[in-house]
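Residue numbering for the sequence shown follows UniProt numbering, beginning at 1 and increasing consecutively.
Inspection log for the structure reproduced underneath, given as C-alpha cells.
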Amino acid sequence: MDYLEVKERLEASKLELMNRMQDTHLLEDEKENIQKFIENYDYIIELTDMNHFERGKVVH
C-alpha cells in the first residue's frame, strides 16, 4: 500500500467519525470517545506524513 492510499483511508475513517459526531442522539460519553478516536487519527496521519517525508528524529 502506498502513502497516498494509506492517507486516503485514514482521512476517510476520520471523516466518517466526524460525521457520526453530528448525531444528536449520541450520549456525551460516546461523543468523548469518538473525539478521542478523531484525535488518534490526526496523530496517525501526522506520523504517516512524517514517515513519508522522512521527518522526525531517528533513534538508533
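Cβ coordinates follow ideal geometry from the N, Cα and C atoms, glycine included.
Separation of Arg20 and Glu30 (C-alpha to C-alpha, rounded to the nearest whole angstrom) is 10 Å. In the structure shown, the three-state DSSP call for Arg9 is helix. In this structure, the beta-carbon distance from Ile34 to Leu15 does not fall below 7 Å. Segment contact: the stretch 5-13 against the stretch 33-49, three or more CB-CB distances shorter than 8 Å; contact assigned. DSSP places Gln22 outside both helix and strand once states are collapsed to three, so it counts as coil.
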